[in-house]
Structures are given as structure tokens and as C-alpha cells.
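Numbering (the working numbering), first residue to last: 979 to 1142.
All C-beta atoms in this analysis are idealised placements derived from N, C-alpha and C, irrespective of residue type, glycine included.
Quantities reported herein were computed from a predicted structural model and do not represent experimental measurements.
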């Protein structure tokens, strides 16, 4: 699979601010990890500490480039949705699962479809459920999905969550 090479004009004007924030967050983490790592290598006066610094900085650099490529290729979908229901249950191995239901809303906060045609269901296991995936019922969220060939909006394609 070949990724398209983003043009500089596409990188400068990422249309969605939420996708731009993902790029800026990864780029800032790259710069910060590089700076802290170089200072730590200079302070410790050992060259062996340079390898972990390079791996951490390279991880954030690759993440930032990946966000830019995927944004240029149009692989991100931004959905403003209201959390309307949460059902907690246990599966066959007694692992707790939380299923959240989101209804997409327009700019004014009105539901796009009350019949459930566009509903998004996110299913999280308790082990995977982190504090960033604790949704409050009634609050509006901006969900950023990284769309692959399946074109499904679910917990596997969820890239970022913003309140708004």
C-alpha cells in the first residue's frame, strides 16, 4: 500500500482543527522528547542513552507524518455526536464491557436522525477503558475516526475524542 506524498500546501491548511491538533500534539512531543533526550545525554555524558532517545523521538515523528499523510488522503472523518446511552454488561469470561451510543448532531445540537439510522456504537472492555473513554451521557463530543477499507465507525477506528 502506497501512501500519497502530502504537498506543503496541504500540510499548512489542514481543514479540521481537530486533525491539526493531532498533528501539532505529535510534532510537539517529538520536539520535546528530542530536547529532553539531548539534554539527558549531555548531562550523563554517555552515548548509550542516545538510542532510547532516538526511538522515542522517531515514534512521535512517524506519528506526526502519518497524521499528515492520512489527512492529505482524506482518511479522517470528524463526527460531532451526543452521548445518549451507556450499557454496562459482562461477557462470557466475566469481563466488564461498556457500550456507548452516540447520535450525530448538527451545529445547533439537534439530532440528525432520531430513528437511529446514523447511530454510532462504541464497545469498550474494562481493560481497554481508560479515563479518556469515560463519556458523560448528554454531553456532545467530537469523534475523529481513521477510516480504513471497512468504512465503519467503531472503537477500532476511533483516533481521537474531543469535548465540544
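Query                                                                                                               : Result
Residue closest to residue 1141, alpha-carbon to alpha-carbon, out of 1130, 1113, 1096 and 1126                     : 1113
Outcome for residue 1011 when other beta-carbon atoms lying within 10 angstroms are tallied against a minimum of 16 : buried
Span separating the alpha-carbon of residue 1069 from that of residue 1098                                          : 21 Å
Reference residue 1060; option with closest CA among 1094, 1135, 1137 and 1023                                      : 1094
Contact test: residue 1134 Cβ vs the ligand SAM heavy atom, cutoff 7 Å                                              : For the ligand SAM, the structure offers nothing, since it holds no ligand at all.
Opening and closing residue of the beta strand (DSSP E) in which residue 1102 lies                                  : 1098–1103
Helix, strand or coil at residue 1012 [DSSP, three-state]                                                           : helix
Member of 1117, 1137 and 1116 whose CA lies at the smallest distance from the CA of residue 1123                    : 1137
Bounding residues of the beta strand (DSSP E) (the contiguous stretch that carries residue 1051)                    : Per DSSP, residue 1051 belongs to no beta strand (DSSP E) and is neither H nor E.
Range covered by the beta strand (DSSP E) that runs through residue 1075                                            : 1074–1082
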